[in-house]
Amino acid sequence: MNKSELALPVGTTLDRFIKKKQDDFTYATGELSQILRDIALASKITNREINRAGLLDIGGALGEMNVQGEEQQKLDVIANIRFIRALTNGGEVCGIVSEEDEDMIEINRQGKYVVAMDPLDGSSNIDVNVSIGTIFSVYRRVSEIGGPVEIEDVLQKGSEQVAAGYVLYGSSTMLVYTTGNGVTGFTYEPSLGEFFLSHPNMKSPEDGKIYSINEGSSSEFDQSVNDYIAECKSKKLSARYIGSLVGDFHRNLLKGGIYIYPRTDKSPDGKLRLLYECNALAFVCEQAGGLATDGEGRILDIKPTAFHQRSPLFIGAKKMVEKACSYNKATATI
Ligand code: AHG
Ligand code: MN
Ligand code: MN
Numbered sequence: 067m068n069k070s071e072l073a074l075p076v077g078t079t080l081d082r083f084i085k086k087k088q089d090d091f092t093y094a095t096g097e098l099s100q101i102l103r104d105i106a107l108a109s110k111i112t113n114r115e116i117n118r119a120g121l122l123d124i125g126g127a128l129g130e131m132n133v134q135g136e137e138q139q140k141l142d143v144i145a146n147i148r149f150i151r152a153l154t155n156g157g158e159v160c161g162i163v164s165e166e167d168e169d170m171i172e173i174n175r176q177g178k179y180v181v182a183m184d185p186l187d188g189s190s191n192i193d194v195n196v197s198i199g200t201i202f203s204v205y206r207r208v209s210e211i212g213g214p215v216e217i218e219d220v221l222q223k224g225s226e227q228v229a230a231g232y233v234l235y236g237s238s239t240m241l242v243y244t245t246g247n248g249v250t251g252f253t254y255e256p257s258l259g260e261f262f263l264s265h266p267n268m269k270s271p272e273d274g275k276i277y278s279i280n281e282g283s284s285s286e287f288d289q290s291v292n293d294y295i296a297e298c299k300s301k302k303l304s305a306r307y308i309g310s311l312v313g314d315f316h317r318n319l320l321k322g323g324i325y326i327y328p329r330t331d332k333s334p335d336g337k338l339r340l341l342y343e344c345n346a347l348a349f350v351c352e353q354a355g356g357l358a359t360d361g362e363g364r365i366l367d368i369k370p371t372a373f374h375q376r377s378p379l380f381i382g383a384k385k386m387v388e389k390a391c392s393y394n395k396a397t398a399t400i
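Quick note: to get my numbering, add 66 to the position in the sequence shown (first position is 1).
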């Protein structure tokens, strides 16, 4: 063994990678890099709180409902605060919209960007020690810098995102993001407190063998969705559903699969939120070569009309999503 083999390289840190890639950004400034660093910092802190949730009194419900009428978990609130604080301190963001807050949060009028986020996704899985996540989208503001943040800054089509990604707090913690030039994944090394490049140039398989849908609600699905599920069964595909969108999406991205949250009787527009969940994952998915639709058209082409707007979501391997949507023939546009 030679001397350098005694100390193997640990790889590229997220920080170094962001610096190296800065020139790839649509708007080549250090500001977007800073936002990604702020998000990474907040995710490290959130990761720490999640890992300690079983020991401290921060597991379980807070006893309050969020704006969606869903029960807030304590960690939903903690994660929300952590991300808002990090982005506020970073100074590059003028406004934030979050699944956990009814209204837009205005933070720094000089900031050129807005962030939409689901600070903790899959939060009903916290108490049972199952993977959860954070989802984020970054847009360039359209209103004048220095003035108040406008609703239009936030209600932009997903195709206007300049960066998006997610953090998966799983058997290891990962940060996956895109700035529109492919998708890169980093794995957290807790003893060093750093994310390291682990998944360069992530690609969605064109086709797959996994379908992910909460089939318990199938009596509420459109016939076209049930027809597609029947096809998956006839092909003996594997059904996998964690109930944490980030976890289900990430597994399918690596292994090849489709995730569907369709409209149901209970949620006629679907359950997932366009701004906080669908757009970011759709951007990542497309950048990896996959496809994301609402069952009819491209997610990224939807012009939002409200912060907390919901949308059906069909996302994952291109061929699978195309097939699922083809059952929707009457209205399909893709
Ligand atoms: P959140 O915890 O942010 O409210 O999101 C939960 C979402 C998503 O993560 C998951 O895929 C879906 O809700 C599960 O819903 P069902 O229990 O209806 O399947
Ligand atoms: Mn969510
Ligand atoms: Mn959430």
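Each residue gets a CB set at the ideal place from its N, CA and C atoms; glycine is no exception.
Closest option to serine 300, judged by alpha-carbon separation, among Thr112, Asp288, Gly282 and Ile276: Ile276. Boundaries of the alpha helix (DSSP H) around isoleucine 116: 96 to 118. Secondary structure at isoleucine 144: helix, using DSSP grouped into helix, strand and coil.
For glycine 161, no alpha helix (DSSP H) run applies; the uninterrupted beta strand (DSSP E) run containing it begins and ends at 159 to 164, by DSSP.
Residue nearest to leucine 107 within the set Pro256, Ala73 and Lys384 is Pro256 (criterion: CA-CA distance). Between valine 181 and valine 159, the C-beta gap is smaller than 7 Å, which places the two residues in contact. Judged by DSSP in its simplified three-state form, threonine 154 adopts helix. By the criterion of at least three beta-carbon pairs nearer than 8 Å, the segment 336 to 347 is in contact with the segment 368 to 377. Between threonine 330 and glutamate 281, the C-beta gap is not smaller than 7 Å, which leaves the two residues out of contact. Residues Asn267, Met268, Gln353 and Ala354 of the same chain have their beta carbon placed closer than 8 Å to that of glycine 248, with the five preceding and five following residues left out of the count.
According to the DSSP assignment, phenylalanine 349 belongs to the alpha helix (DSSP H) that extends over 345 to 353.
With contact defined as three or more Cβ pairs closer than 8 Å, the segment 197 to 209 and the segment 224 to 231 are in contact. Glutamate 166 has its alpha-carbon roughly 33 Å from the corresponding atom of proline 271.
Around the C-beta of valine 242, 16 or more other C-beta atoms lie within 10 Å, and the residue is accordingly described as buried.
Residue pairing by DSSP places aspartate 288 opposite no residue, since no beta bridge is assigned to it.
In terms of side-chain proximity, the C-beta atom of serine 189 is found nearer than 6 Å to a non-hydrogen atom of ligand 1.
Rounded to whole angstroms, valine 215 and phenylalanine 149 show a C-alpha spacing of 19 Å.
Assigned with DSSP and collapsed to three states, methionine 386 falls in helix. Here glycine 323 really is in contact with alanine 383; their C-beta atoms are around 6 Å apart, less than 8 Å. Ranked by Cα distance from glutamine 139, the options His316, Asn191 and Pro328 are led by Asn191.
Partner residues in a beta bridge of histidine 316, as assigned by DSSP, do not exist.
At a threshold of 6 Å, aspartate 193 does not count as near ligand 2, since its beta carbon sits no closer than that to any of the ligand's heavy atoms.
Within the same chain, and ignoring the five residues on either side of glutamine 375 in sequence, the residues whose Cβ sits closer than 6 Å to its Cβ are Leu340. Where glutamate 218 is concerned, there is no enclosing beta strand (DSSP E), although the alpha helix (DSSP H) around it starts and stops at 217 to 220. Our two residues, glycine 156 and valine 208, have alpha carbons roughly 20 Å apart in a direct line. Burial is judged here by how many other beta carbons sit within 10 angstroms of a residue's own beta carbon; aspartate 169 has fewer than 16 and is exposed. In the DSSP secondary-structure assignment, glycine 323 is bridged to Ile276. If you compare the alpha carbons of Gly309, Arg306 and Ile279 with that of tyrosine 327, the shortest gap goes to Ile279.
Taking 8 Å as the upper bound for CB-CB distance, isoleucine 111 and isoleucine 198 are not in contact here, some 15 Å apart. For arginine 175 and isoleucine 211, the gap between their C-alpha atoms comes out near 7 Å. A direct Cα-to-Cα measurement between aspartate 288 and aspartate 81 gives close to 45 Å.
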